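Visitor: First, the structure itself, so that you have it in front of you.
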Amino acid sequence: MKKVKILQMTTSDVDAVYKIEEMVHPNHHWSKDSFYNELSNKLAKYFCVKDENDKILGFIGFWQIFEESHITTLAIHPDFRRLQLAQMLLLKAIEECYSDMIKYITLEVRESNIPAISLYEKFLFESIGVRKNYYQDNGENAIIMFTQNIWYDKFKENIKTLKENINKVELFK
Ligand SMILES: CC(C)(COP(=O)(O)OP(=O)(O)OC[C@H]1O[C@@H](n2cnc3c(N)ncnc32)[C@H](O)[C@@H]1OP(=O)(O)O)[C@@H](O)C(=O)NCCC(=O)NCCS
341 MKKVKILQMT TSDVDAVYKI EEMVHPNHHW SKDSFYNELS NKLAKYFCVK DENDKILGFI
401 GFWQIFEESH ITTLAIHPDF RRLQLAQMLL LKAIEECYSD MIKYITLEVR ESNIPAISLY
461 EKFLFESIGV RKNYYQDNGE NAIIMFTQNI WYDKFKENIK TLKENINKVE LFK
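341 is the number of the first residue of the sequence shown in my numbering; add one for each residue after it.
Shown next as structure tokens:
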């Protein structure tokens with residue numbers, strides 16, 4: 341598992357990505373067409389984490405609009421959780437944000453999704469509000485989370501520490 345790599349998602353990845361999507365969100369998942377559309381969206385960036393045999397273990401997507409990045413999706417195959425793969429994908433997304441001169445990163449997350457909320461808090465995202473009944477499948481509220489300005493020292497120092505703590509340092513050379 342040490343030799344994972346993060347690569348831009350392409351149309352040939354969509355079948356495997358969709359399988360994970362179905363598994364992770366059985367009742368309310370994106371369609372394959374949503375992924376194909378997103379791959380031709382000029383404002384969007386999608387990345388996969390793959391093992392040494394090119395098996396897709398997870399993926400992340402985000403939109404870069406003016407000074408704001410919006411994370412649209414993040415999922416790790418259930419068999420490969422707690423291996424820091426989501427952290428690696430988020431670090432990659434944040435690296436792209438710096439390249440694109442983004443200042444703030446935002447996302448919505450189900451209020452019951454403790455693993456994801458804990459992950460984002462580790463990256464210093466903060467809850468700034470609630471979208472009531474946001475999710476159509478069960479009417480669950482969404483928590484809106486935002487970073488502070490990612491160019492501030494506190495955010496940068498935290499990212500530096502997170503990178504150092506991840507085994508896969510060569511991804512960020
Ligand atoms: C949330 C998710 C992406 C985390 O992926 P992961 O690769 O297992 O996460 P990582 O191993 O990188 O964990 C990073 C941090 O996230 C938090 N975390 C992850 N899983 C957790 C869990 N089950 N319980 C509590 N915290 C958890 C922890 O803070 C963890 O840091 P630690 O290992 O130092 O404690 C994964 O559980 C998933 O795909 N869930 C379903 C899809 C989803 O909810 N996506 C987010 C939509 S907003």
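Using N, Cα and C, we set each Cβ at its ideal position, and we do this for glycine too.
Everything numeric in this text was worked out from a predicted model, so none of it was measured.
Given this structure, state the Cα-to-Cα distance separating Asn-498 from Glu-461, to the nearest angstrom.
Guide: Rounded to whole angstroms, Asn-498 to Glu-461 spans 11 Å at the Cα level.
Visitor: Would you say Ile-484 and Ile-468 are within 9 Å of each other, going by their C-beta atoms?
Guide: The answer is yes: Cβ separation under 9 Å.
Visitor: Let me confirm a value: Lys-513 is counted as buried when at least 16 other C-beta atoms fall within 10 Å, else exposed. Which label applies?
Guide: The predicted position of Lys-513 is uncertain, since its pLDDT is 35 and thus under 50; a value taken from the coordinates is nonetheless stated next. The residue is exposed, with fewer than 16 neighbouring Cβ atoms inside 10 Å.
Visitor: Which class does Met-428 belong to by DSSP, given the choice of helix, strand or coil?
Guide: If DSSP states are grouped into helix, strand and coil, Met-428 belongs with the helices.
Visitor: Where Asp-440 and Glu-362 are concerned, what is the direct C-alpha to C-alpha distance, given to the nearest angstrom?
Guide: In a straight line, the C-alpha of Asp-440 is about 31 Å away from that of Glu-362.
Visitor: Pull the bridge partners of His-472 from the DSSP assignment, please.
Guide: Reading the sequence as shown, one finds Lys at residue 472 and not His. Paired residue(s): none; Lys-472 is not in a bridge.
Visitor: Give me the DSSP bridge partner(s) of Thr-413.
Guide: Per DSSP, Gly-401.
Visitor: Relative to the alpha-carbon of Trp-491, which residue among Cys-437, Phe-387, Ile-506 and Asp-477 has its alpha-carbon at the smallest distance?
Guide: Nearest of Cys-437, Phe-387, Ile-506 and Asp-477 to Trp-491, Cα basis: Cys-437.
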